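Below you'll find the structure, written out as structure tokens, and then a few comments.
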């Protein structure tokens, strides 16, 4: 079974229904129960490694965790940690309860490894478990450093025990990124815990973009895809970040100013299928802010909504190489409002398929296919594009769309990368 989304993995659970059984079987590893080991392996898959790592046993690209694993003087603990970490990276969302279960086991095996406690503390607080503060203190006690100090400060702010500073806080990323100092934010939690974003398609985005290109990030939030694009296209290129939420836009502007990214434009508006004024619901996690059909007692901001074709005409943008869309269920409307752009430029597109409470974006895929696009899932470990139907298989978070006229060029670049 292919697993095109998630983090790098060489072993992955076959399906969510097996996780409970795999978890129980893994507990027998520490007792030397060979049947437990065999049972666990039955629920794992070992795909072929990529060509450039043909001699490798496993791709575990996190130096911090590799050091922690090698520091274990017990081969049994090393194997257990390796299995656990690969399993954790096989999960679609590292910050949710399934990931916490694995981290709790890791912290029991590697009792003196700070990275496990940092991750466990951050994700516990993200899941509203106040004991996460204890784990963050443990990480700072084992390995005092600015990153752990910042993680602990965010913990106090999240629990309402400390007021945040008025100046922006920055966390590790391609370039230090300004974020909300609150673990309710998925971006803040994942970047401070891991140092990078978890979506496989970000690797594709980084690989595809080249100096001088133009990229558009619709629903930029605080700028994960925007900043990655800015680094790749450089000052000869251009990046347009469209973000309607004022606080997220302000943080992204602060990041660009700090790093002198003059070729990035942050455009504060929503993108849609027609000009309008819309109400943007403001939720605890800014990643879930979305256009409201009915306001009720929900806090909101009123913002302009414009077709992407109109926005880029105003900005004087004629050529676009790549387009990312994360619009909390409004992906179809964004594409309808970008029809001229899609027909003229045929950019590579990464769009959110699973949109939380907003459901799945089958209609967006259907429109793109009408416009001559093929739909693909990106497998980061194999560095491959796997063709999918309008309705992708279970486990797909984002879809990659490539126009049939551009596919050979993209495939050739894959083969020579």
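Residue numbers (this note's numbering): 3 to 419. In this text, a Cβ means the ideal position worked out from N, Cα and C, and glycines have one as well. Quantities reported herein were computed from a predicted structural model and do not represent experimental measurements.
Exercise for the section: Following the continuous alpha helix (DSSP H) through residue 390, name the residue where it begins and the one where it ends. Expected result: One-based indexing of the chain shown puts residue 390 at position 388. First-last for residue 390: undefined, no H or E at that position.
Practice task
Give the range of the beta strand (DSSP E) segment to which residue 306 is assigned.
Solution key: For this step, residue 306 is matched to residue 304 along the chain shown. Residue 306 -> beta strand (DSSP E) spans 302-309.
Handout entry: DSSP three-state assignment for residue 325, whether helix, strand or coil
Key = Counting from one through the chain shown, the residue named residue 325 turns up at place 323. Three-state DSSP puts residue 325 in a strand.
Problem - Sequence ranges, alpha helix (DSSP H) only - wholly within the segment 128-166, length at least 4 - result: 134-144 and 148-160
Practice task
Write down the C-beta distance between residue 256 and residue 180 rounded to the nearest angstrom, noting that I regard them as a contact closer than 8 Å.
Solution key: Taking the chain shown and counting its residues from 1, the one referred to as residue 256 is at position 254. Taking the chain shown and counting its residues from 1, the one referred to as residue 180 is at position 178. Sure, about 4 Å apart at Cβ, within 8 Å.
Handout entry: Cα-Cα separation, residue 199 to residue 176
Key = Against the chain shown, residue 199 aligns to sequence position 197. Against the chain shown, residue 176 aligns to sequence position 174. Rounded to whole angstroms, residue 199 to residue 176 spans 10 Å at the Cα level.
Handout entry: Assigned secondary structure, residue 66 (DSSP; H/G/I helix, E/B strand, else coil)
Key = Counting from 1 along the chain shown, the entry for residue 66 is found at position 64. Looking at residue 66 - three-state DSSP - the assignment turns out to be helix.
Problem - Contacting residues, own chain, Cβ-Cβ under 6 Å from residue 395 (five flanking each side not counted) - result: As a working note, residue 395 is residue 393 in the chain shown. Once the five neighbours on either side are set aside, residue 395 has no close Cβ partner at all.
Exercise for the section: Count the C-beta pairs between the segment 203-214 and the segment 150-163 that are closer than 8 Å, then say yes if the count reaches three, no if not. Expected result: no
Practice task
Return yes when at least one heavy atom of the ligand SAM lies under 7 Å from the C-beta of residue 305, else no.
Solution key: Although the ligand SAM was asked about, the structure shown includes no ligands whatsoever.
Handout entry: Where the beta strand (DSSP E) containing residue 274 begins and where it ends
Key = Taking the first residue of the chain shown as 1, we reach residue 274 at position 272. Residues 272-274.
Practice task
State the DSSP-derived secondary structure class of residue 79, mapped to helix, strand or coil.
Solution key: Within the chain shown, numbered from 1, the residue matching residue 79 stands at position 77. Helix.
Problem - For residue 363, three-class secondary structure by DSSP - result: As a first step, residue 363 must be located in the chain shown, where it is residue number 361. Reduced to three states, the DSSP call for residue 363 is coil.
Handout entry: Contact check, residue 144 vs residue 194, beta carbons under 8 Å
Key = Start at 1 with the first residue of the chain shown, and residue 144 comes out as number 142. Start at 1 with the first residue of the chain shown, and residue 194 comes out as number 192. Cβ atoms of residue 144 and residue 194: not closer than 8 Å.
Practice task
Figure out for me which residue from 183, 401, 120 and 129 has the closest Cα to the Cα of residue 381.
Solution key: In the chain shown, counting from the first residue as 1, residue 381 sits at position 379. It is 401.
Handout entry: Limits of the unbroken beta strand (DSSP E) element including residue 217
Key = For the purposes of this step, residue 217 is taken as residue 215 along the chain shown, with counting starting at 1. Unbroken beta strand (DSSP E) run through residue 217: 216-220.
Exercise for the section: Inspect the beta-carbon positions of residue 398 and residue 368 and report whether they are closer than 8 Å. Expected result: Here residue 398 refers to the residue found at position 396 of the chain shown. Here residue 368 refers to the residue found at position 366 of the chain shown. Against a cut-off of 8 Å, the Cβ pair of residue 368 and residue 398 comes out as no contact.
Problem - Whole-angstrom distance between residue 328 and residue 272, CA atom to CA atom - result: Numbered from its first residue, the chain shown carries residue 272 at position 270. Numbered from its first residue, the chain shown carries residue 328 at position 326. Computed Cα separation, rounded: 11 Å.
Problem - Touching by the beta-carbon criterion (3+ pairs, under 8 Å), the segment 266-283 and the segment 309-316 - result: yes
Exercise for the section: Compute the Euclidean distance between the alpha carbons of residue 220 and residue 152, then round it to the nearest angstrom. Expected result: As a first step, residue 220 must be located in the chain shown, where it is residue number 218. As a first step, residue 152 must be located in the chain shown, where it is residue number 150. Between residue 220 and residue 152, the C-alpha separation is close to 29 Å.
Handout entry: Same chain, Cβ closer than 8 Å to residue 410, five either side skipped, listed in chain order
Key = Residue 410 sits at position 408 when you count from the first residue of the chain shown. So no residue of the chain qualifies.
Practice task
Out of 366, 391, 354 and 350, point me to the one whose CA is closest to residue 412's CA.
Solution key: Along the chain shown, read from residue 1 onward, the residue named residue 412 stands at position 410. Ranking 366, 391, 354 and 350 by Cα distance to residue 412 puts 350 first.
Handout entry: Cβ-Cβ distance between residue 2 and residue 223 below 8 Å
Key = Residue coverage of the chain in this structure runs from 3 to 419, which leaves residue 2 outside it and unanswerable.
Exercise for the section: Please go through the segment 183-240 and give each complete beta strand (DSSP E) segment of 3 or more residues, from N-terminal end onward. Expected result: 216-220
Practice task
Mark residue 91 as exposed unless 16 or more other C-beta atoms lie within 10 angstroms of its C-beta, in which case mark it buried.
Solution key: On the chain shown, residue 91 is found 89 positions in, with the first residue counted as 1. Buried, by the Cβ-count rule.
Handout entry: residue 96 to residue 346 span [Cα, whole Å]
Key = Working through the chain shown from its first residue, we reach residue 96 at position 94. Working through the chain shown from its first residue, we reach residue 346 at position 344. Cα-Cα distance, rounded: 38 Å.
Problem - Presumed contact (8 Å Cβ cut-off) between residue 74 and residue 112, rounded CB distance - result: Mapped onto the chain shown, residue 74 falls at position 72. Mapped onto the chain shown, residue 112 falls at position 110. Residue 74 to residue 112, Cβ: 6 Å. Contact.
Problem - Per-residue burial, residue 65 [other beta carbons within 10 Å of its own, 16 or more giving buried] - result: Mapped onto the chain shown, residue 65 falls at position 63. Residue 65 comes out exposed.
Practice task
Could you say which of 384, 386, 204 and 258 lies nearest to residue 354 if we only look at CA atoms?
Solution key: Translated into positions along the chain shown, residue 354 becomes position 352. Per the Cα distances, 204.
Handout entry: Beta-carbon proximity list for residue 348, same chain, < 7 Å, skipping 5 on both sides
Key = In the chain shown, the residue the question calls residue 348 occupies position 346. Hits under 7 Å: 405, 407 and 408.
Exercise for the section: Can you tell me the Cβ-Cβ gap for residue 303 and residue 247, rounded? I've got them flagged as a contact below 8 Å. Expected result: What you label residue 303 is simply residue 301 of the chain shown in a count that begins at 1. What you label residue 247 is simply residue 245 of the chain shown in a count that begins at 1. Correct: roughly 7 Å between the Cβ atoms.
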